[in-house]
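Notes follow once the structure below has been shown.
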Amino acid sequence: MNHNLDAVVIGAGIAGGSLAKALADKGWGTLLIDRQAFPRHKVCGEFISPEAQGMLNGFGLRDPVEALLPSSINYVRLRFSEGEDLEIPLPGTALGVSRYVLDPMLHNAAVSSGVQLLAGTTVTSVSSGDEGYHIVTKRHSGIQTFKARAVIAAWGANPRSGFRDDRRHSARNAYMGVKSHFSGIDMQPAVELYFFSGGYLGISPVEGGHFNVAALLKQQAFKNSGKTILSMIDGAARRNPKLYDRLAQAVPIPGTQAATAPVNLSRKPAAWGLLPHVGDAALMIPPLCGDGMSMALRSSQLCAAYADSYLRGQISLSQWKQGYSRSIVREFSAPLRWGSLLQRLSGVPVLPRLLLSLARLSPGLAAGLIRATRLKDSD
Numbered sequence: 014m015n016h017n018l019d020a021v022v023i024g025a026g027i028a029g030g031s032l033a034k035a036l037a038d039k040g041w042g043t044l045l046i047d048r049q050a051f052p053r054h055k056v057c058g059e060f061i062s063p064e065a066q067g068m069l070n071g072f073g074l075r076d077p078v079e080a081l082l083p084s085s086i087n088y089v090r091l092r093f094s095e096g097e098d099l100e101i102p103l104p105g106t107a108l109g110v111s112r113y114v115l116d117p118m119l120h121n122a123a124v125s126s127g128v129q130l131l132a133g134t135t136v137t138s139v140s141s142g143d144e145g146y147h148i149v150t151k152r153h154s155g156i157q158t159f160k161a162r163a164v165i166a167a168w169g170a171n172p173r174s175g176f177r178d179d180r181r182h183s184a185r186n187a188y189m190g191v192k193s194h195f196s197g198i199d200m201q202p203a204v205e206l207y208f209f210s211g212g213y214l215g216i217s218p219v220e221g222g223h224f225n226v227a228a229l230l231k232q233q234a235f236k237n238s239g240k241t242i243l244s245m246i247d248g249a250a251r252r253n254p255k256l257y258d259r260l261a262q263a264v265p266i267p268g269t270q271a272a273t274a275p276v277n278l279s280r281k282p283a284a285w286g287l288l289p290h291v292g293d294a295a296l297m298i299p300p301l302c303g304d305g306m307s308m309a310l311r312s313s314q315l316c317a318a319y320a321d322s323y324l325r326g327q328i329s330l331s332q333w334k335q336g337y338s339r340s341i342v343r344e345f346s347a348p349l350r351w352g353s354l355l356q357r358l359s360g361v362p363v364l365p366r367l368l369l370s371l372a373r374l375s376p377g378l379a380a381g382l383i384r385a386t387r388l389k390d391s392d
């Protein structure tokens, strides 16, 4: 294994894996590190929006994703505890595919492009000097050290304590995310979003005839709903009769459960801390927007272009930081602002009547509100 590298990417999720592949495709010696082993189930909507299709092409990932036989998704159905449902067509076909198969596919594609992959490996320190970065890692086989000209953080929204920045979040507003796959659900090619007191839950088809059930729940509201993931999902179902009916005959798939906490939603993008950030490390958009994977891919596209220019000596580190930070703000501020508004409205009892009134007044208004939370198509 080469220990003198051009770039090290910490975190092998959607953002980190795609970024590492992009850098290797440009000819840079790249190491991708993740503290977890793969494959594994992760809390995620497992929904690739239509807006992400062009980005997949740009990374050379469209065909590998299609080979996973993802489910096709054509519209979103909003289901409230009372009143009518609201259906909103998507601007194109979305894909439903689990992270259990998507992440390993991405890693294989990255390795095929020349990326070195270290899974089950913890980065214990990153220090900078005149000649670049010194990275220390730990795994079962012992300690390894690496040198790199650039290091990029793709470590998600909750990095290890030694790498956290100075952003502060209110514990009172903290959420937790839970997910499980189910079989035995009979529904059309749609994402169904269920709203209830204390959070919301989405159901969407993935590969193999299974369905991903993922929820964002206020920790305080669900503190008495049991300690298992399935008990949390059951507690959510009991707050929305339509959800309870939908899951009545559903059968959980053993081993597919996952949880994460706390989930702190971003108020503004954070493109750079100790290191450049991509994916959830840069911003955590409300999951109800359904565009998290698209945001991850786009941040990787932007970062890859600046990293390439930096490694070629065309820009300085400070120019990379300034240019990338401006690009992230330009691309993500509006979707994040609208997404945050929808997130706040999701807990307001009048939301069903408001959205239904909008839809009756003009079917395009409700769809336009959803589009405002999305990135523009990228070819």
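Read in this note's numbering, the sequence shown has 132 at position 119, and its numbers run on one by one without any break.
For glycine and all other residues, C-beta sits at the position ideal for the given N, C-alpha and C.
This one's a predicted model, so the numbers in the text were calculated from it and none came from an experiment.
Check                                                                                                                : Outcome
Separation of residue 15 from residue 266, as counted between CA atoms                                               : 40 Å
Assigned secondary structure, residue 53 (DSSP; H/G/I helix, E/B strand, else coil)                                  : coil
Whole beta strand (DSSP E) elements within the region 182-213, 3-residue minimum                                     : 188-196 and 203-209
Beta-carbon proximity list for residue 231, same chain, < 7 Å, skipping 5 on both sides                              : 188, 211 and 212
Inter-stretch contact at 8 Å, needing at least 3 Cβ pairs: the region 108-115 / the region 81-100                    : yes
Neighbourhood of residue 119 by C-beta, 6 Å cutoff - its chain only, sequence neighbours within 5 removed            : 30
Unbroken alpha helix (DSSP H) run spanning residue 250, endpoints                                                    : 242-250
Assigned secondary structure, residue 19 (DSSP; H/G/I helix, E/B strand, else coil)                                  : strand
Where residue 325 falls, given that 16 or more other Cβ within 10 Å makes a residue buried                           : exposed
Same chain only: Cβ atoms within 7 Å of residue 17, ignoring 5 sequence neighbours per side                          : 160
Of the listed residues 164, 347 and 176, nearest to residue 36 (C-alpha basis)                                       : 164
Span separating the alpha-carbon of residue 23 from that of residue 273                                              : 19 Å
DSSP-derived helix/strand/coil call for residue 152                                                                  : strand
Length of the line joining the Cα atoms of residue 143 and residue 323                                               : 15 Å
Other residues of its chain near residue 168: CB distance less than 7 Å, five sequence neighbours each side excluded : 23, 24, 176 and 294
Run of the alpha helix (DSSP H) containing residue 348, from where it starts to where it stops                       : 330-358
Cα-Cα separation, residue 264 to residue 351                                                                         : 35 Å
Same chain only: Cβ atoms within 7 Å of residue 284, ignoring 5 sequence neighbours per side                         : 290, 295, 337, 338 and 341
Outcome for residue 156 when other beta-carbon atoms lying within 10 angstroms are tallied against a minimum of 16   : exposed
Exposed unless 16 or more other CB atoms sit within 10 angstroms - verdict on residue 104                            : exposed
Through-space distance from residue 369 to residue 122, alpha-carbon basis                                           : 44 Å
Proximity to residue 28 [Cα-Cα], best of 54, 313, 347 and 348                                                        : 313
Three-state secondary structure assigned by DSSP to residue 100                                                      : strand
Residue span of the alpha helix (DSSP H) that contains residue 314, given as start and end                           : 305-324
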